[in-house]
Amino acid sequence: MKIFAATFATETNTFAVAPTGRIDFEAVGVFHGDGSALSPTGIGIFHAELQKLAAADGHQLVESLAAFAQPSGPTLRAVYEEFRQTILDDLKAAMPVDAVLLVLHGAMVAQGYDDCEGDLTQHVREIVGPNVPIGMELDLHCHYTQLMRKSADIIIAYKEYPHTDGLDRLRELYVLTTQQAKGNIKPVTAVHDCRMVGIWHTTKEPMISFVKRMQSFEGKDGVLSVSLGHGFPWGDVVENGAMLWVVTDNDLEKADALAKQLGREFWDLRAQTYEAPMTIAAALTEANAEKAGPVVLADIGDNAGGGAMSDSTFVLKQMIEMGISNAAIGAFWDLGAVAICKSAGVGAEINLRLGGKCGPQSGDPIDVRVTVRAINDEHSQRGLGAIYPLGTGVWVQTQNGIDIVLNTRRTQVFSPDAFENLGISMEDKQMIIVKSSQHFHALFAPIAKKVLYIGTPGSTSQTFADIPFVKRSLNYWPKVENPS
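217 is the number of the first residue of the sequence shown in the numbering used here; add one for each residue after it.
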């Protein structure tokens with residue numbers, strides 16, 4: 217069996233200040249046919265896993281593009297169309313194929329394309345025809361669209377947030393798609409619109425149990441897969457919001473009934489699954505009052521993983537005003553500050569203007585006296601089973617004892633590596649502030665005495681009822697108590 221695979225993904229915050237261009241994909245990695253070999257722990261990790269699975273079954277895997285960009289604003293039209301064409305040209309060259317596997321995101325928007333994944337898959341379908349199975353893996357924060365559903369045979373989304381199960385879901389998709397190619401199953405899908413916009417952490421109840429509930433149906437009585445796409449709240453597209461879908465083996469009635477049943481159950485949990493984030497002052501006060509740390513605080517409004525610029529100063533400003541010490545905060549994406557620190561060198565004590573570079577959502581720059589403690593030109597961190605480069609990392613320390621991480625490759629904080637690989641100890645800190653919404657939880661929770669979420673301003677603010685949608689209908693919870 218010949219299987220064609222491509223990875224092409226980014227998450228688009230349509231309210232972000234910066235577009236997504238070619239350089240943003242190249243910063244993470246763009247591989248053409250060799251992602252599994254050259255980036256097996258990076259963006260090529262999905263192709264590397266597919267190569268193992270295919271080899272074990274005696275199948276041939278043809279790799280096409282493997283490309284990912286850090287979430288930001290809409291992708292430039294020329295970049296999207298170029299990468300799409302690369303995948304389509306590779307597919308034409310590989311024909312005939314027995315199956316296609318696409319590792320996408322589900323919330324990618326480009327100039328002129330509100331549904332990049334649906335558009336790409338539609339073009340793939342035109343090439344392979346109606347009988348070749350197309351399997352699609354999506355991020356949990358996807359927009360599940362009718363065009364995706366029409367164009368692909370099987371769509372599976374991550375179940376966990378943080379996304380610790382990406383490879384597990386890929387293995388499921390591989391098995392089901394190859395089974396369809398052999399004629400052993402005939403997948404059909406039903407979807408239920410949950411009429412909700414939000415963020416749901418699967419690290420706490422009742423979402424822990426709801427994920428297990430979804431999984432309890434899979435592999436039984438013809439149910440092949442159950443997915444809950446949470447949606448990406450900061451993507452202003454028509455088909456935005458939480459969707460639950462069920463894939464069965466040629467039983468659309470069962471798929472529809474189960475999708476509606478689980479969708480209603482999820483709706484009934486809405487009050488239990490939303491907890492308003494804390495104000496900056498309240499979170500810092502609570503963390504500072506703990507007798508022993510570390511307390512980990514998430515700056516959720518400035519999450520680069522959702523398209524924010526990761527340079528906002530709101531929390532740091534409050535920390536300085538409150539006289540907080542014995543704390544660490546990062547990572548600030550500030551190219552100018554990093555350049556100044558590199559010029560000064562390790563050990564230098566300098567006046568540094570920090571953050572607040574990218575507009576009102578970043579706050580005002582802060583002028584602070586710091587000592588440059590460390591510089592690492594190849595700074596990196598672990599996260600979700602992969603290694604993420606941070607570019608040049610710099611550790612500066614304020615006179616009051618706040619350790620600050622600066623970096624040149626904009627990304628959210630996934631793990632203590634973001635601090636420790638520069639020499640900053642986590643064990644003796646009273647508090648650690650991370651610019652992330654939830655992915656940090658997987659590796660920070662084991663060392664945290666407590667985890668707090670701060671409702672900071674920014675392009676990933678979680679005041680969901682106030683998101684200024686234009687394209688998306690305003691008929692959704694929590695903006696409307698009982699949307700029709």
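A virtual CB, placed ideally from N, CA and C, is assigned to each residue, including glycine.
Query raised in the report: Within 10 angstroms of its Cβ, does A373 collect 16 or more other Cβ (buried), or is it exposed?
Result: buried
Query raised in the report: What do you reckon, are the CB atoms on A475 and A406 nearer than 8 Å?
Result: yes
Requested in this report: Could you spell out the range, first to last residue, of the alpha helix (DSSP H) harbouring F426?
Outcome: M423 to F433
Query raised in the report: Within 10 angstroms of its Cβ, does S432 collect 16 or more other Cβ (buried), or is it exposed?
Result: exposed
Requested in this report: Could you tell me whether any non-hydrogen atom of the ligand COA is closer than 7 Å to the CB of G671?
Outcome: In the structure shown, the ligand COA is absent, as is every other ligand, since no ligand is present at all.
**Report entry** Which listed residue (H359, N229, D355 and R365) has its alpha carbon closest to that of T337
**Finding:** R365
Query raised in the report: Buried or exposed: which applies to V686, given that a residue is buried once 16 or more other Cβ atoms fall within 10 Å of its Cβ?
Result: exposed
Query raised in the report: Does DSSP put F262 in a helix, in a strand, or in coil?
Result: helix
Query raised in the report: Are there three or more Cβ pairs, one per stretch, closer than 8 Å when the region 445 to 461 is compared with the region 408 to 420?
Result: yes
**Report entry** K402 vs V313 beta-carbon contact at 8 Å
**Finding:** no
Report task. Name the two residues that bound the continuous beta strand (DSSP E) containing M459. Result -> M459 to D465
Requested in this report: Go ahead and pull the three-state DSSP assignment for H339.
Outcome: helix
**Report entry** Buried/exposed call for G517, threshold 16 Cβ in 10 Å
**Finding:** buried
Requested in this report: Over the uninterrupted beta strand (DSSP E) stretch that includes E242, give me the two end residues.
Outcome: No beta strand (DSSP E) contains E242, which is instead part of the alpha helix (DSSP H) from R238 to V244.
Report task. Hey, could you find the ends of the alpha helix (DSSP H) W483 is sitting in? Result -> L468 to D484
Requested in this report: Check the DSSP bridge columns for K666 and list the partner residues they point to.
Outcome: V511
Query raised in the report: Can you tell which of V319, M525 and D305 has the C-alpha that lies nearest to the C-alpha of K651?
Result: M525
Requested in this report: Whole angstroms is fine: what's the gap from V348's alpha carbon to Q301's?
Outcome: 20 Å
Query raised in the report: How long is the line joining the alpha carbons of P673 and D465, rounded to whole angstroms?
Result: 46 Å
Query raised in the report: Rounded C-beta distance between I496 and H446? I'm assuming under 8 Å.
Result: About 26 Å; that fails the 8 Å criterion.
Query raised in the report: Going by C-alpha distance, which of H357, N592 and V586 is nearest W450?
Result: H357
Report task. Mind listing, in chain order, the continuous beta strand (DSSP E) runs of no fewer than 3 residues lying wholly within the region 556 to 615? Result -> 565 to 570, 582 to 599 and 602 to 614
**Report entry** Own chain residues within Cβ distance below 6 Å of Q267, not counting five before or after
**Finding:** S252 and L277
Requested in this report: Count the other C-beta atoms from every protein chain shown that fall within 10 angstroms of the C-beta of N698, then say buried if there are 16 or more, exposed otherwise.
Outcome: exposed
Query raised in the report: Starting from A499 and walking both ways along the alpha helix (DSSP H), at which residues does that stretch end?
Result: I496 to A505
Query raised in the report: Using a Cβ-Cβ cut-off of 8 Å (strictly less than) and excluding sequence neighbours within five positions of G435, which residues of its own chain qualify?
Result: none
Query raised in the report: Run through DSSP, which three-state label would G351 get?
Result: strand
**Report entry** Range of the contiguous alpha helix (DSSP H) that encloses S280
**Finding:** Not the alpha helix (DSSP H): S280 falls in the beta strand (DSSP E), residues Q276 to F284.
Query raised in the report: How long is the line joining the alpha carbons of L513 and L478, rounded to whole angstroms?
Result: 32 Å
Report task. Evaluate M538 with the Cβ neighbour count: other Cβ atoms within 10 Å of its Cβ, from every protein chain shown; 16 or more gives buried, anything less gives exposed. Result -> exposed
Query raised in the report: Does DSSP put Y374 in a helix, in a strand, or in coil?
Result: coil
Query raised in the report: Using 8 Å as the threshold, is the region 374 to 384 in touch with the region 291 to 310, meaning 3 or more CB pairs across them?
Result: no
Requested in this report: Determine the direct distance from the alpha carbon of D369 to that of L304, and round the result to whole angstroms.
Outcome: 18 Å
Query raised in the report: Is it buried or exposed for T257, if we count other Cβ within 10 angstroms and need 16 for buried?
Result: exposed
Query raised in the report: To which residues of the same chain is V554 closer than 6 Å at the C-beta, ignoring the five residues directly before and after it?
Result: T608, V610, L622 and T624
Requested in this report: Taking the CB atoms as reference points, tell me whether T361 and D331 lie closer together than 8 Å.
Outcome: yes
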